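Student:
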Amino acid sequence: MPALSLVALVSLVSTVFAKQLDGHPPQQQHRHWAPICSGNPTNQIRGCDRYGCGNFGADRDSGKGKHGGVDVICRDGATVYAPFSGQLSGPIRFFHNGNAIDDGVQISGSGYCVKLVCIHPIRYHGQIRRGQQLGRMLPMQKVFPGIISHIHVENCDHSDPTHLLTPDVPPLPQQDSRWATVCAGNPTNEIRGCDKYGCGYYGAPRRNGKGKHRAVDVICADGATVYAPFSGQLSGPVKFFHNGNAIDDGVQIRGSGFCVKLLCIHPIRYNGAISKGQVLGKMLPMQRVFPGITSHIHIENCDHSDPTSNLERGKGRRE
């Protein structure tokens, strides 16, 4: 075969192979799926709450059935991404009742086929790339108040997708060591100043100068949504006043190298795992107990050290 013809043949084969690779990337190119929900970079799976558990095979219908998918934690309204490249089809109706979360889409490609439910996709048809924006999480709290909001991820062949949900390169903890916004309406975790009841900074005088404030008071309007400052394990309840007043509630979070108590809030639950930025609960009515105070969340490190540096997110800087 002439040298020129051989070169042309090699070029043609290379071109065809490259096109096949683009259209059908082999499974070994990405051993695991990409992160599915913003705020959950490791595809953390829902634990257990009063509605059940999120792992594959968990009991359903009072033990008469099994969970055929995996519930990936996702905050209501969060951005959802494609776990792999493929072809979209849908809509997928899981509940068949038209409720606020009865929507979803299927992705087929890259050697996989999966249904993502309780999301609203940007579109139901066409191609999508791994990591490309797929849609947004629907308001699960409207349908199941207090549940750990999540995307139902179900393989089309009903096999277990758990092992595919671990990202290829887990994010390093040092990528963002600062805590997330704790209270809706206070994106920079602004600390309470001074009012007639005292001051909110760490070390402020307490008990007429006989004691010191071993916590930080983060401004939060009564009734506002409260978020987890970092990922970890919940425990509680934590009672600060021990008198059953309207704000005597709270919860502890331990994980990601931190341990903190958040008081004067009512958490969605007192136990289980929670992800950074996930809804933790709501601010209690502090004005009922201390009229005219700057309403706030009392944030106290478990070792009584100063949490101020972890709360600083940059004045006026949006992230």
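Residue numbers for the sequence shown, in mature numbering (1 follows the signal peptide of the UniProt record, and there is no 0): -18 to -1, 1 to 301. Note that beta-carbon positions come from the ideal geometry of N, C-alpha and C, so glycine has one too. Here the structure is a predicted model, which means the values were calculated and not measured.
If residue 259 and residue 210 are in contact, beta carbons under 8 Å, what's the gap, nearest whole angstrom?
Tutor: Along the sequence shown, read from residue 1 onward, the residue named residue 259 stands at position 277. Along the sequence shown, read from residue 1 onward, the residue named residue 210 stands at position 228. 7 Å between Cβ atoms; contact.
Student: So what's residue 217 in DSSP terms, helix, strand or just coil?
Tutor: Reading the sequence shown from its first residue, position 235 is the one you call residue 217. Note: residue 217 maps to strand in three-state DSSP.
Student: What residues are listed by DSSP as bridge partners for residue 119?
Tutor: If you number the sequence shown from 1, residue 119 lands on position 137. In the DSSP output, where bridge partners are listed per residue, residue 119 has 101.
Student: What would DSSP say about residue 266, mapped onto helix, strand or coil?
Tutor: The residue you call residue 266 lines up with position 284 of the sequence shown. Coil.
Student: Using CA atoms only, rank isn't needed, just tell me which of 106, 52, 44 and 286 is closest to residue 74.
Tutor: In the sequence shown, counting from the first residue as 1, residue 74 sits at position 92. The shortest C-alpha separation from residue 74 is found at 106.
Student: Name the DSSP beta bridge partners of residue 134, please?
Tutor: For the purposes of this step, residue 134 is taken as residue 152 along the sequence shown, with counting starting at 1. In DSSP, residue 134 forms a bridge with 53 and 99.
Student: Return yes when the Cβ of residue 257 is within less than 7 Å of the Cβ of residue 213, no when it is not.
Tutor: Here residue 213 corresponds to residue number 231 of the sequence shown, with the count starting at 1. Here residue 257 corresponds to residue number 275 of the sequence shown, with the count starting at 1. Yes, these two residues count as a Cβ contact at 7 Å.
Student: What's the C-alpha gap between residue 272 and residue 56?
Tutor: Position 290 of the sequence shown, counted from the first residue, corresponds to residue 272. Position 74 of the sequence shown, counted from the first residue, corresponds to residue 56. Cα to Cα, the separation comes out at about 35 Å.
Student: Grouping DSSP H, G and I as helix and E and B as strand, with all else coil, what is residue 125?
Tutor: Taking the sequence shown and counting its residues from 1, one reaches residue 125 at position 143. Here residue 125 sits in helix by DSSP.
Student: Would you check if the stretch 242 to 258 and the stretch 175 to 190 touch, i.e. whether three or more CB-CB distances between them fall below 8 Å?
Tutor: In short, these stretches do not touch, since the Cβ pair count stays below three.
Student: Measure the alpha-carbon distance for residue 187 versus residue 282 and round it to whole angstroms.
Tutor: Mapped onto the sequence shown, residue 187 falls at position 205. Mapped onto the sequence shown, residue 282 falls at position 300. Going from the Cα of residue 187 to the Cα of residue 282 covers about 16 Å.
Student: Flag this pair as touching only if the stretch 249 to 256 and the stretch 41 to 48 have three or more C-beta atom pairs under 8 Å; answer yes or no.
Tutor: Segments in contact, no.
Student: What residue from 141, 62 and 80 has the CA that sits closest to residue 114's CA?
Tutor: Residue mapping note: residue 114 aligns to position 132 of the sequence shown, counting from 1. That would be 62, whose Cα lies nearest to the Cα of residue 114.
Student: Would residue 220 and residue 279 qualify as a contact pair, given that the criterion is a beta-carbon distance under 7 Å?
Tutor: Residue mapping note: residue 220 aligns to position 238 of the sequence shown, counting from 1. Residue mapping note: residue 279 aligns to position 297 of the sequence shown, counting from 1. Contact flag unset, no.
Student: Please confirm whether residue 53 and residue 140 have their CB atoms less than 7 Å apart.
Tutor: Within the sequence shown, the letter at position 71 stands for residue 53. Within the sequence shown, the letter at position 158 stands for residue 140. Contact flag unset, no.
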